[in-house]
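Novice:
So, in structure tokens, the structure goes:
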């Protein structure tokens, strides 16, 4: 072999070694069960490296699911029935499907992560308090060659603690029989399709097919208004308070995201693209066990505080607003935003505006506890007052609605959990309770307008933490993500030529 080839191989090897400094290699899982799974999702029986013996889904014990169902049923009047269906498979085009994501309420009640499934809960006078019937596709060797394993009907009964498990094709007939026995039915349409099925009137619902979600909606719509009750608001009240296991999982998700934020800050440098930053973050999270993004990544600069095209390159004086996080093992979401200088050094206006937002954010986080007797709406009003005072000290002459309509055009907070925004049925005026998890994300985005000081034009700052509401103190779940100005500058400076090879 020639000296030229040897030198080329050596150079390539050194390049690869340096590149690996950007991320952490996956742990050695050689001891894990390497056999193909017989189940439609990770379980302790097939994935002991991901779950503990008492867990039904990663981090969440089977007993938690039992308690959720019991708490829901206890809230409902006698002679009640609950119906909940899985999410459909969604397609990008033709038969090219997206990665499956289970319906949040169905997952919350069952932990069952397969499509083509449903559950019926009937309130009873038994010691358990309810009868649970789970419907699923079951084993199908021909389809499993293409779609992966499915859980068998007998295994589903034992693992998911159902009193009875039936094939999904039996769902409409069982539902008709169950509805006839109950005076109140808690169910919602799926709302996943573009058109609605005409309301069925005067017909037996057993004649309807539920092979598609379109037909399921027709069945629910066929119920009389006297018998039908909305299901989502009832379960939303339960989902608002996180169990100790959920709190631990959310902290794990926040830690994964926080460490990835820190490493991405070290990776960032002038000349790199926004898309590369987003991809680096996703890679780091995936290597730590996260299976999907919690949301479409936001990598933005200037006043574009929701930039999602990822088409720009980072310039020397760019300040990067990085809003990205991952759920822990496809269960509970995380949500963190950090803003940092690409070059490792804030300009003076950037530093001053950053300090203003950070000061307000810290004061707001400190109020996130039950004994403060504040609601999310109260916190937002306080955030407006704090930001107004901070900006006045920086020379802003605010008039009318300048703050809330121009500089700070979004709400401070939202609940977070299985869904990134668990706010469809939340009341912003409700006093915060111990066990809630919310975000605290004040921001200032200064457009190039003569109404505001010129040296702040084009600067956008948002700092977002995920906060667990305590009895007397808040717990910042996203603490692993650096946010002090000195920390951010140090992390950015690691990539400057003076300090040598970039790290992450």
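In my numbering, the protein residues as written are 167 to 670. Cβ coordinates follow ideal geometry from the N, Cα and C atoms, glycine included. As the structure is a prediction and not an experimental result, all values here were calculated from the model.
1. Using only the alpha-carbon positions, how far apart do residue 481 and residue 595 sit?
2. According to DSSP, residue 259 sits in a beta bridge with which residue or residues?
3. Just mark residue 306 as buried or exposed, buried being the case when its beta carbon has 16 or more other beta carbons within 10 Å.
4. Measure the C-alpha to C-alpha separation of residue 552 and residue 431 and round it to an integer number of angstroms.
5. Can you grab the Cα-Cα spacing for the pair residue 355 / residue 398, in whole Å?
6. Who does residue 628 pair with in a DSSP beta bridge?
7. Roughly how many angstroms separate the alpha carbons of residue 214 and residue 484, rounded to a whole number?
8. Do you know how far the Cα of residue 271 is from the Cα of residue 348?
9. What does DSSP give as the partner residues of residue 487 in its beta bridges?
10. Give the secondary structure of residue 310 by DSSP, where H, G and I count as helix, E and B as strand, and everything else as coil.
11. Kindly give me the distance between the Cβ atoms of residue 584 and residue 498, rounded to whole angstroms, as I take these residues to be in contact under 8 angstroms.
12. Using a Cβ-Cβ cutoff of less than 7 angstroms, which residues in the same chain neighbour residue 281 once the five nearest sequence positions on both sides are dropped?
13. Out of 390, 331 and 328, which has the shortest C-alpha to C-alpha gap to residue 352?
14. Quick check: the Cα distance between residue 516 and residue 446, rounded to an integer number of angstroms?
15. In whole angstroms, what is the alpha-carbon distance linking residue 212 and residue 218?
16. Only counting the same chain, and skipping five residues up and downstream in sequence, which positions put a Cβ closer than 8 angstroms to that of residue 242?
17. Alpha carbon to alpha carbon, how far is residue 618 from residue 570?
18. Please state the DSSP three-state secondary structure of residue 497.
19. From residue 581 to residue 232, what distance separates their C-alpha atoms?
20. In three-state terms, what does DSSP make of residue 302?
21. Between which residues of its own chain and residue 207 is the CB-CB distance below 6 angstroms, once the five residues before and five after are set aside?
22. Can you grab the Cα-Cα spacing for the pair residue 441 / residue 656, in whole Å?
23. What would DSSP say about residue 654, mapped onto helix, strand or coil?
24. Would you mind working out which of 518, 330, 544 and 402 sits nearest residue 559, comparing C-alpha positions?
25. Unbroken alpha helix (DSSP H) runs of length 4 or more, entirely within the segment 525-584: which are they?
26. Are there 16 or more other CB atoms within 10 angstroms of the CB of residue 258, so buried, or fewer, so exposed?
Specialist: The short version:
1. Reading the chain shown from its first residue, position 315 is the one you call residue 481. Reading the chain shown from its first residue, position 429 is the one you call residue 595. Taking the straight line from one Cα to the other gives about 42 angstroms.
2. Numbered from 1 along the chain shown, position 93 holds the residue referred to as residue 259. Residue 259 pairs with 262.
3. For the purposes of this step, residue 306 is taken as the residue at position 140 of the chain shown. By the neighbour-count rule (16 or more Cβ atoms within 10 Å), residue 306 is not buried but exposed.
4. As a working mapping, residue 552 is identified with position 386 in the chain shown. As a working mapping, residue 431 is identified with position 265 in the chain shown. Roughly 28 angstroms between the two C-alpha positions.
5. Residue mapping note: residue 355 aligns to position 189 of the chain shown, counting from 1. Residue mapping note: residue 398 aligns to position 232 of the chain shown, counting from 1. Between residue 355 and residue 398, the C-alpha separation is close to 10 angstroms.
6. In the chain shown, the residue the question calls residue 628 occupies position 462. DSSP output for residue 628 lists 609 as bridge partner(s).
7. Locating residue 214 in the chain shown gives position 48, where the first residue counts as 1. Locating residue 484 in the chain shown gives position 318, where the first residue counts as 1. Cα to Cα, residue 214 sits roughly 45 angstroms from residue 484.
8. Here residue 348 refers to the residue found at position 182 of the chain shown. Here residue 271 refers to the residue found at position 105 of the chain shown. Their backbone Cα atoms lie some 22 angstroms apart in a straight line.
9. To locate residue 487, count along the chain shown from 1; it is residue 321. According to DSSP, residue 487 bridges with 466 and 505.
10. Residue numbering aside, residue 310 sits at position 144 when the chain shown is read from its first letter. Helix at residue 310.
11. To locate residue 584, count along the chain shown from 1; it is residue 418. To locate residue 498, count along the chain shown from 1; it is residue 332. At roughly 6 angstroms, the Cβ-Cβ gap stays under 8 angstroms, so residue 584 and residue 498 are in contact.
12. Reading the chain shown from its first residue, position 115 is the one you call residue 281. Result list for residue 281: 252, 253, 254, 255 and 266, in chain order.
13. Position 186 of the chain shown, counted from the start, is the residue given in the question as residue 352. Ranking 390, 331 and 328 by Cα distance to residue 352 puts 390 first.
14. Within the chain shown, the letter at position 350 stands for residue 516. Within the chain shown, the letter at position 280 stands for residue 446. The alpha-carbon separation between residue 516 and residue 446 amounts to approximately 25 angstroms.
15. If you number the chain shown from 1, residue 212 lands on position 46. If you number the chain shown from 1, residue 218 lands on position 52. Rounded to whole angstroms, residue 212 to residue 218 spans 11 angstroms at the Cα level.
16. Here residue 242 refers to the residue found at position 76 when the chain shown is read from its first residue. Closer than 8 angstroms at the Cβ level, and outside the excluded window around residue 242, lie 248, 289, 350, 352 and 400.
17. For this step, residue 618 is matched to residue 452 along the chain shown. For this step, residue 570 is matched to residue 404 along the chain shown. One Cα belongs to residue 618, the other to residue 570, and the distance between them is close to 14 angstroms.
18. Sequence index remark: in the chain shown, residue 497 carries index 331 (1-based). Residue state, collapsed to three classes: coil.
19. Taking the chain shown and counting its residues from 1, one reaches residue 581 at position 415. Taking the chain shown and counting its residues from 1, one reaches residue 232 at position 66. In a straight line, the C-alpha of residue 581 is about 23 angstroms away from that of residue 232.
20. Stepping through the chain shown from its first residue, residue 302 is reached at position 136. Here residue 302 sits in strand by DSSP.
21. As a position in the chain shown, residue 207 is number 41, starting the count at 1. Correct list, in chain order: 279.
22. Position 275 of the chain shown, counted from the first residue, corresponds to residue 441. Position 490 of the chain shown, counted from the first residue, corresponds to residue 656. Computed Cα separation, rounded: 23 angstroms.
23. As a first step, residue 654 is located in the chain shown; it is residue number 488 there, counting from the start. Reduced to three states, the DSSP call for residue 654 is helix.
24. Against the chain shown, residue 559 aligns to sequence position 393. Ranked by Cα distance from residue 559, the first of 518, 330, 544 and 402 is 518.
25. 542-559
26. To locate residue 258, count along the chain shown from 1; it is residue 92. Classification of residue 258: exposed, given that the 10 Å Cβ count is below 16.
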